Amino acid sequence: MNTNKQERTERLLLSGSDYFQLLLDAHHRQHGLQGNIGRFAIELKGRLNAFQLEKTINNDPIFCWLHSLRLKKQWPFQLPQWIQIQFTDPIRIKIFEAPQQENCIPQELFKFDIQPHFDPPFQLNLIYLEQDQTILLFTWNHILMDSQGAEILVRYLGNAIGDKPIQLLASKNTQLSITEQLKQTQKTRNFIFFEKKSIFISSLEKLDSKGINNYHSLCFSETETAQIIANCRRAGARFGRSPFLLAACMHSFSDLLKRKGRTNTTLWVPVPQNNRKKGVCGPLVGNHLSFLFYRLFPHHLETMQKTVDVIEQQMIDQMRKDIPASFSIMMDLLLRLPLWLYGKIVKSPTKGTLASFFFSDTGKTLEDFNVFCGLPVSNAIHYPPNSSHPGFTIIFMNFQKKLQVIMAYTEATVNKEDISWFESSLRKNLFG
6 MNTNKQERTE
16 RLLLSGSDYF
26 QLLLDAHHRQ
36 HGLQGNIGRF
46 AIELKGRLNA
56 FQLEKTINND
66 PIFCWLHSLR
76 LKKQWPFQLP
86 QWIQIQFTDP
96 IRIKIFEAPQ
106 QENCIPQELF
116 KFDIQPHFDP
126 PFQLNLIYLE
136 QDQTILLFTW
146 NHILMDSQGA
156 EILVRYLGNA
166 IGDKPIQLLA
176 SKNTQLSITE
186 QLKQTQKTRN
196 FIFFEKKSIF
206 ISSLEKLDSK
216 GINNYHSLCF
226 SETETAQIIA
236 NCRRAGARFG
246 RSPFLLAACM
256 HSFSDLLKRK
266 GRTNTTLWVP
276 VPQNNRKKGV
286 CGPLVGNHLS
296 FLFYRLFPHH
306 LETMQKTVDV
316 IEQQMIDQMR
326 KDIPASFSIM
336 MDLLLRLPLW
346 LYGKIVKSPT
356 KGTLASFFFS
366 DTGKTLEDFN
376 VFCGLPVSNA
386 IHYPPNSSHP
396 GFTIIFMNFQ
406 KKLQVIMAYT
416 EATVNKEDIS
426 WFESSLRKNL
436 FG
């Protein structure tokens with residue numbers, strides 16, 4: 006990796022987006038079984054050499070530096086930061102043997118937690134399957150990096166980046182005056198407090214029981230993918246596929262709410278936006294995300310065409326008002342607040358809750374991911390963090406020109422029949 010040694014500092018301040026992920030980590034621990042933990046799985050044709058991979062990691066200064074970072078316990082109004090600790094034990098890769106089946110990753114690995122103040126912020130596992138296949142599972146705490154950062158790091162490990170130089174840390178931005186930061190923060194709050202009302206979040210019924218996520222995957226062929234993209238164009242989507250995919254999900258989710266006895270509901274959907282510059286491989290460390298926010302009232306869901314039009318218009322309006330940038334500025338401004346006070350402010354528009362439906366489209370970052378450590382890559386999947394009740398998350402991603410979907414849910418919220426029904430509904434909306 007072509008990076009500057011000085012970038013690997015002994016102290017690394019969190020960004021506003023990182024601190025927001027820390028808030029989510031605390032929220033998940035309060036309402037679930039683990040923190041804000043992401044997972045990225047790579048399926049390989051062949052048996053990956055665990056000894057050689059472990060040796061590579063322990064000889065790599067970037068992996069060793071990341072492994073040494075711990076979140077510092079902060080005093081009130083102190084900037085949150087990672088600090089580097091000294092460790093002598095080598096980084097270990099845990100190995101599992103699993104039978105060839107639809108879900109080959111042992112369930113215990115989805116229960117694995119990472120406490121950011123005490124544990125190394127990532128873990129690597131190898132799962133050997135029958136028929137000479139391997140799954141590499143990278144598990145990390147989302148406070149350290151977002152999904153694209155994890156993707157870049159893992160691809161770098163497998164020599165799957167090419168000759169692209171990698172940016173390790175983000176460049177320092179010009180600091181706005183406190184007056185301008187307050188102005189931008191107020192603009193975001195005015196937007197979120199629509200007509201001075203708290204946001205109404207439609208949700209599945211909330212239960213007190215806690216459980217880990219279940220995951221359901223949906224993979225489309227190249228022909229099916231081409232048909233979905235064609236339908237996206239026919240619907241008049243002018244800004245890529247995401248508005249069409251989001252519209253399809255919103256129709257299915259709204260119908261799922263009706264199936265659960267919730268009718269005439271309004272949907273509030275925060276959708277993450279990647280702040281990285283196009284064509285740049287990095288930054289690797291940190292969360293470089295802002296959000297667009299969509300309000301969908303019942304009359305917006307009368308037809309798919311109408312929903313796509315509404316989403317695109319709301320997108321245009323927010324971009325013109327520079328809401329994503331203002332949201333990031335607000336997050337940076339709140340960095341010094343104690344986490345409990347920060348949480349009250351961030352959750353105040355929703356009266357202390359979080360949206361029950363999460364949507365993300367990671368795009369085509371895995372289109373060219375063909376080889377890892379010399380072995381053919383047969384699939385690559387992002388598993389979202391464990392949601393608290395009544396969490397329901399759907400992620401779209403491309404792998405080698407094929408669109409695929411991961412749905413994350415808790416059994417206490419929806420059952421397998423609900424998921425099967427949701428899949429059928431989503432297919433209908435995507436294919437028309």
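Just so we're aligned, residue 6 is where the sequence shown starts under my numbering, counting upward by one. Using N, Cα and C, we set each Cβ at its ideal position, and we do this for glycine too. No experiment lies behind these values; they were computed from the predicted model shown.
According to the DSSP assignment, residue 368 belongs to no alpha helix (DSSP H), since it is labelled neither H nor E. For the options 25, 185 and 86, the alpha carbon positioned closest to that of residue 350 is the one of 25.
The stretch 408 to 416 and the stretch 222 to 232 touch, with three or more beta-carbon pairs separated by less than 8 Å. When the beta-carbon positions are compared, residue 377 and residue 49 come within less than 8 Å of each other. In the DSSP assignment, residue 255 falls within the alpha helix (DSSP H) that extends over 247 to 264. When the beta-carbon positions are compared, residue 181 and residue 334 come within less than 8 Å of each other. Here residue 396 carries a coil assignment [DSSP, helix/strand/coil]. Taking 8 Å as the upper bound for CB-CB distance, residue 46 and residue 386 are in contact here, some 5 Å apart. Within the stretch 41 to 90, the runs of beta strand (DSSP E) at least 3 residues long that lie entirely inside it are, in chain order, 42 to 50, 74 to 76 and 86 to 89. Between residue 115 and residue 218 a beta carbon distance of about 7 Å is seen, short of the 8 Å cut, so the two are scored as contacting.
In the three-state reduction of the DSSP assignment, residue 403 falls in the strand class, which pools E and B. Here residue 39 carries a coil assignment [DSSP, helix/strand/coil]. Rounded to whole angstroms, the separation of the alpha carbons of residue 398 and residue 253 is 14 Å. One alpha carbon belongs to residue 340, the other to residue 320, and they sit about 27 Å apart. Counting C-beta atoms within 10 angstroms of its own C-beta, residue 155 has 16 or more neighbours from the protein chains shown and is therefore classed as buried. Looking at the backbone, the Cα of residue 81 and that of residue 236 are separated by about 52 Å. Here the alpha carbon of residue 338 sits roughly 43 Å from the alpha carbon of residue 425. In this structure, the straight-line span from the alpha carbon of residue 150 to that of residue 273 is close to 25 Å. Just so you know, the alpha carbons of residue 86 and residue 185 end up roughly 24 Å apart. In this chain, the alpha helix (DSSP H) harbouring residue 429 covers 421 to 436. Out of 231, 136 and 148, the CA that lies nearest to the CA of residue 403 is found in 231.
Relative to residue 160, the option among 287, 366, 315 and 433 whose CA is nearest is 287.
The continuous stretches of alpha helix (DSSP H) do not include residue 271, and DSSP gives it neither H nor E.
Going by beta carbons, residue 117 and residue 257 fall outside the 8 Å limit. For residue 99, the three-state secondary structure derived from DSSP is strand. Comparing alpha carbon positions, the residue from 109, 303, 129 and 194 closest to residue 330 is 194. Here residue 56 is exposed: its Cβ has fewer than 16 other Cβ atoms, across all protein chains shown, within 10 Å. The beta carbon of residue 16 sits closer than 6 Å to the beta carbons of 86 and 88 from its chain, once the five residues preceding and following it are set aside; these are given in chain order. Unbroken beta strand (DSSP E) runs of no fewer than 3 residues, entirely contained in the stretch 291 to 354, are found at 294 to 301, following chain order. Residue 159 carries a helical assignment under DSSP once its states are collapsed to helix, strand and coil. Inter-residue distance for residue 270 and residue 300 is about 11 Å (C-alpha atoms, whole angstroms).
Measuring C-alpha to C-alpha distances from residue 261 to each of 405, 430 and 298 identifies 430 as the nearest. For residue 103, the closest of 178, 131, 59 and 379 by C-alpha to C-alpha distance is 131.
Contact check for residue 275 against residue 298 passes: the beta carbons are separated by less than 8 Å.
Secondary structure remark: continuous beta strand (DSSP E) runs of at least 3 residues inside the stretch 101 to 189, in chain order: 127 to 134 and 138 to 146.
When the beta-carbon positions are compared, residue 127 and residue 144 come within less than 8 Å of each other.
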